[in-house]
Every structure is written in C-alpha cells, then in structure tokens.
Amino acid sequence: MEKGQQSKRHLVNTSNFIDIWSVQCGECFKWRVIPTQEEFEEIRSTFAEDPFVCSKKPGISCDDPADIEYDDSRIWVIDKPNLPKTPAGFRRKLVMRKDFSKMDCYYDSPNGKRLRSLAEVARFLDKSPEYEEDILVSDFSFTLPKIMEDTIPPDVAKKVI
DNA sequence: GCCACCGGTGGC
DNA sequence: GCCACCGGTGGC
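In the UniProt record's numbering, the protein residues as written are 1 to 161.
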C-alpha cells in the first residue's frame, strides 16, 4: 500500500523501535493514532475487507482534526495490509537498523524464545504441543514494513561510515 | 532488485 | 556464554 490511501502505518522515532501506531481513514485520509500494537494489529488483520474509518475510533469522526500528520518530523514505515494478528502470548517486534536501511522482525514466544523466521516458528511449534493445537505457522508473518525514505532526515540518511 | 532467512560476532 | 545486531546470499 504505497499509494498513500487506505494504508495503515506505524511510526518510528529516532530510536530503533516503533512508538506510535497509526492508521489512515479510508474516507477522509486523516491519520488516527491507535493506542496499542494489539489494536493496531486487529485493524490491520482485516484491513483490505474492512477498511479503517475515523468513526471506528470512539468519539471521533472525519470532522475532527487528524491525530498526526505524515511528514518528516518522524520516520514512517508502512505495513502491508492483512498481516496476521500475533497469537496470544507471543510478541511481534520490529527493530530499525541504525542506518535505516532495513528493519528486522522477530517474535518472542511465551517462554522467552526468540523466533527469527517461519522456519524457526515451525520448529518451535513442532516441539511445543501446547501451542501446536491452536497456533499455526500462518499466524506469523515476518513481512517487513516499507521504510518511507522521504521521512528520513537528510543528515541521517546520508550518513557515511 | 528485493527480501526472507540465517550465520557470525562484538560487546556485555 | 549469550544475544542484539549486522552482513551476505539464495531464491524468487
């Protein structure tokens, strides 16, 4: 969803993690901040069939000013729609590399094991009958968001080693 | 050319 | 010895 409409995005600040989760209204195109990653993932999981609109946020309508503006005061990264919701007990993490060249995605399992790929997830579930019954590999995705180059400050982007 | 994946390692 | 982080690559 690079076209700037109806896409969901989250943000990073100059640290290496995402600190604001945000979605764009499919009607007025304003950005609405979503308080938690969990809520963001819920919206994202059905975004294609069920686009976000301002009125889904309690007490908010398209008449209200945007929560946040898409500009270079923050670095923005854009998720693909319909990524699976992270299974209960797991945590999905995205880490920005220092040079902003790419992000890394991993899941932390309930017992603290870090999973770095679908292959590792599959092996983990095979060894964990307690999860295998109701958690599938397809509940995980390592698809990375697109880093919006136009929101990276020039002094940072052009940093030479 | 991109990206999912994984090996290596430096710093703790 | 671990693990956060980075580089490289194979497959598409």
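C-beta atoms are modelled at their ideal positions from N, C-alpha and C, and glycine is treated no differently. In this text, all values refer to a predicted model and were calculated from it rather than measured experimentally.
Take residue i and list the residues in its own chain whose beta-carbon comes closer than 7 Å to its own, dropping the five residues that flank it on each side.
i, result
"F90", "Y107, D108, S109 and P110"
"L115", "Y106, Y107, S109, V121 and F124"
Bridge partners of residue i, per DSSP?
i, result
"M96", "M103"
"V33", "S22"
"R114", "D108"
"residue 214", "Since the first and last residues shown for the chain are 1 and 161, residue 214 lies out of range."
"K57", "Paired residue(s): none; K57 is not in a bridge."
Taking the alpha-carbon positions, what's the residue i to residue j distance?
i, j, result
"V137", "E41", "17 Å"
"C54", "P35", "14 Å"
Please go through the same chain and pick out, in chain order, the residues whose beta-carbon is closer than 6 Å to the beta-carbon of residue i, but skip the five residues on each side of it.
i, result
"P87", "I135 and D139"
"M148", "W76"
Find out if the Cβ-Cβ distance for the pair residue i, residue j is shorter than 8 Å.
i, j, result
"F52", "I60", "no"
"I75", "S22", "no"
With 16 as the cutoff for other CB atoms within 10 Å, does residue i come out buried or exposed?
i, result
"F17", "exposed"
"G4", "Only weak support is given to the placement of G4: the predicted model assigns it a pLDDT of 30, under 50, and the value that follows is read from those uncertain coordinates. G4 comes out exposed."
"R32", "buried"
"K57", "buried"
Residue i: beta carbon under 7 Å from a heavy atom of the ligand GTP?
i, result
"I78", "Looking at this structure, you won't find the ligand GTP or any other ligand, since it has none at all."
Leaving out the 5 sequence neighbours to the left and right, which residues in its chain are closer than 8 Å to residue i when beta-carbon positions are compared?
i, result
"E27", "V53, C54 and C62"
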